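One structure is given below, encoded as structure tokens.
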Amino acid sequence: MRVIAPGRVNLIGEHTDYTGGLVFPMAIDRWTTIDYDIVGTEIVLDSADADGTVSIALGQPFDATMTPSWGKYVGAVASLLQSPRAISGHVSTTIPVGAGLSSSAALEIAVALALGCKLPSSELALLTQRAEHIATGVPTGIMDQLCIASARDGHGTMIDCRTLEVKHVPIPTDVKIVVRFIAHRTLVGSAYADRVAQCAAAESIIGPLRDASLADVASITDVTIASRARHVISENARVVSFAAALAGGDYSVAGAIMTDSHRSLAEDFATSNEQMNSAVHDMCATPGVCGARMTGGGFGGCIVALCEPDAVVDGWHVQPVGAAHHAV
Ligand code: GLA
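Using numbering that gives the first Met the number 0, the first residue of the sequence shown is number 0, and each one after it goes up by one.
What follows is the structure, given as structure tokens:
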């Protein structure tokens, strides 16, 4: 048997999910696959891309010291499922690890499906988000798992992270989306958790950032907290205007909104760096590129660009694909 889970690239709506904001990611044509048999009394998995064999007895509590370390994602998912089944299988992936394209969320969802999880997509996403927290200790939002669990072929996945409502938005075929890898990163030990705390600090002063306006930011005296709030409030608005520009075929406007999102992440949210800034700058200076931004948690990873179809750009021309599923 086989399960397949795609990676995702976030087009816009960065660092908004954990404040109940708006995000607009897209599942991409890079996948994690598990080929398995339902057999034995344990979960046994090896990987084409990492050393070691993961073996976990059913009913075993999560073991934070387990090796190989990628097995923590497997163990965390197994520990949250009601009655996971015993399997023996092989994992392989075409999603680069540590690139901000959600290789870990794809693994968690593929594991959940292989272990027999039949939850609807939003519950599957919540369960695997908890697994990510258990495995890494990083308080990530719902975007990656919900995109991978609910994406539709040919569409982006606009998510209201407050209600978990998903809107499938067609990706026009007369533009191309290019992802360029810049540098490896990990969110473990990064400033990600600090950003989550800074957003919570802003909300303790002005209420939910989702409901706040830029004028409200004036009442935050701490300049760092104020700038984090300014990013999130303006980014939620950018998601709405980006989706409208894309639907209206106004690609130069959509691209400019992406580039403005990057500026906001660099200046107000401080999740970019010189290398990412100069990659975005170079990308935007390339003929036929409408706009570009860093994508994902930041501190490295990839940039994403919206391009005219005949633009000549280095990177992967990614396609919008459907959700994780059992292959027939
Ligand atoms: C990571 C997290 C997501 C989201 C992004 C930033 O990918 O897993 O939940 O917070 O960073 O937008």
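We treat Cβ as the ideally placed atom computed from N, Cα and C, and that holds for glycine. As the structure is a prediction and not an experimental result, all values here were calculated from the model.
Rounded separation between residue i and residue j - CA only
i    : j    : result
E273 : A130 : 33 Å
L114 : S103 : 16 Å
A243 : C160 : 19 Å
G155 : G287 : 22 Å
V279 : R184 : 17 Å
T18  : I141 : 10 Å
E202 : T135 : 25 Å
L105 : D16  : With the sequence shown as reference, residue 105 is identified as Ala, and Leu is not the correct amino acid for it. For A105 and D16, the distance between alpha carbons rounds to 18 Å.
G12  : G97  : 20 Å
A255 : E41  : 51 Å
A4   : A182 : 23 Å
A211 : Q59  : 44 Å
P83  : L126 : 13 Å
A225 : R262 : 16 Å
T294 : G39  : 41 Å
E164 : F23  : 12 Å
F241 : D36  : 44 Å
A246 : C289 : 15 Å
T223 : P95  : 33 Å
G153 : L10  : 14 Å
M275 : G99  : 13 Å
S218 : Y191 : 24 Å
A228 : S277 : 25 Å
A236 : V327 : 41 Å
V349 : T32  : Residue 349 lies beyond the stretch modelled for the chain, which goes from 0 to 327, so this question has no answer here.
F268 : A85  : 44 Å
A200 : P207 : 10 Å
E107 : P169 : 26 Å
L57  : Y250 : 51 Å
Beta-carbon proximity of residue i to residue j, cut-off 8 Å
i    : j    : result
V2   : A109 : yes
M282 : R179 : yes
A198 : V231 : Before going on, a small fix: residue 198 reads as Cys here, not Ala. Yes, the Cβ-Cβ distance between C198 and V231 is below 8 Å.
L145 : I133 : no
C306 : K175 : yes
T270 : R292 : no
I205 : D221 : no
G20  : R209 : yes
S189 : L213 : no
V312 : T285 : yes
V90  : G314 : no
Nonlocal neighbours in the same chain, by C-beta distance under 7 Å from residue i, ignoring five residues either side
i    : result
G74  : I55, F61, D62, M65
C116 : L80, L123
L112 : V2, A323, H325
G297 : L264, T270, S271
A77  : I42, I55, P83, L114
S260 : I11, E13, E234, R237, R292
Cβ shell of residue i (< 6 Å), same chain only, five flanking positions each side left out
i    : result
T139 : E131
S101 : G6, R7, D143
R151 : H167, G321
V53  : L44, G70, V73
S121 : L163
Q128 : I141, Q144
Interface flag, residue i vs chain C, CB-CB below 8 Å
i    : result
H154 : Absent from the structure: chain C. Only one protein chain is present.
Residue from the options with nearest C-alpha to residue i
i    : options                : result
A323 : P119, T220, C289       : P119
H167 : I181, A148, S212       : A148
D309 : G247, A190, T294, D173 : D173
M0   : V53, V137, G88         : G88
T92  : V137, D34, A196        : D34
A265 : G299, C289, N235, A284 : G299
H14  : A196, S251, T285, C289 : A196
G248 : V90, S260, P171, C289  : P171
Report yes or no: do the stretch 30 to 47 and the stretch 64 to 78 share at least 3 C-beta pairs separated by less than 8 Å?
yes
Any 3 or more C-beta pairs closer than 8 Å across the stretch 309 to 323 and the stretch 21 to 28
yes
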